[in-house]
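Everything in the first sequence is counted per my numbering, starting at 32 for the first residue and increasing by one.
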Amino acid sequence: MYIRLQEQFEVEEWWPSESAFEIMVGAILTQQTNWDNVERSLNELRGKGLLEPRRLAHANISELEETIRSCGFYRQKARSIKGMALYIQLEYGGVPELLLNKEIGSARDELLSLNGVGKETADSILLFAGKRPKFVAAVYVSRVLRRTGILDSTDYDEVQNYIESRFSDDPEDLSKLYALFVQLAKTHCRPSPRCGQCPLECDCETGLAQGKK
DNA sequence: ACCCAGGTGGCCC
DNA sequence: GGGCCACATGGG
């Protein structure tokens, strides 16, 4: 499947950025939100010099809310990214790499302890900001696996374990696979409308709807 | 007037 | 521990 997807799509540069911290902030901002909206917020933050832990840690919360308004859920996200900055500042002197380079299990636990950071966000940070071997089991992934009849589960841990236990350990490979899943899902496996021509011969048309109703 | 977007945390039983 | 729900903007 990985090979077929690689043939089907250009493997785009996923999540390019200037710093690990920028990815950490972006990982929170992008929750349930279109990337275009996130990019505006990121640019606003960058313009105010707030994409560094020490600056963000002391940012005014009201100003922060206005700064990231475009990415939605801005009140809770403002608190979350400031809390994350505070944590990095206090525990690691503003050097997120010190957290990201720790033993992966404990690094993940620490990320999960932060408000606004759940499994998917924690794993995105580990993989994309830390270059650590973790697969991000986003909704798109389980949707594609289900539609292709490969695995019928929406349980995060189950989906993640399925991939991690039978795919490469190389973070580069894991990143590419994730990017390909998302590209496929966006192109062919949206809840609606159905494309009817999935390159993986999935069952897009037969009522496996996954959206709300 | 809908539906969707690279989720999370809080509450309920 | 699974099943709802609020959170909120911008684009199609």
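Every residue, glycine too, gets a C-beta built ideally from N, C-alpha and C.
{"query": "Residue closest to residue 117, alpha-carbon to alpha-carbon, out of 97, 143, 90 and 138", "result": "90"}
{"query": "Unbroken alpha helix (DSSP H) run spanning residue 212, endpoints", "result": "202-219"}
{"query": "Residues of its chain near residue 145, where Cβ-Cβ distance is below 8 angstroms and the 5 sequence neighbours each way are ignored", "result": "111, 114, 115 and 118"}
{"query": "Element boundaries [alpha helix (DSSP H), containing residue 58]", "result": "51-60"}
{"query": "Pick from 71, 199 and 51 that is closest to residue 130, judged by C-alpha positions", "result": "51"}
{"query": "Touching by the beta-carbon criterion (3+ pairs, under 8 angstroms), the segment 170-178 and the segment 135-143", "result": "no"}
{"query": "Residue 64 versus residue 103 - alpha carbon distance", "result": "7 angstroms"}
{"query": "Cut-off 6 angstroms between Cβ atoms - residues of its own chain near residue 171, not counting five sequence neighbours on either side", "result": "212, 213 and 216"}
{"query": "C-alpha distance - residue 276 paired with residue 67, whole-angstrom precision", "result": "Only positions 32 to 244 of the chain appear in this structure, which leaves residue 276 out of reach."}
{"query": "Where residue 98 falls: helix, strand or coil (DSSP)", "result": "helix"}
{"query": "Residues of its chain near residue 73, where Cβ-Cβ distance is below 8 angstroms and the 5 sequence neighbours each way are ignored", "result": "53, 56, 57, 60 and 82"}
{"query": "Beta-carbon proximity of residue 121 to residue 142, cut-off 9 angstroms", "result": "no"}
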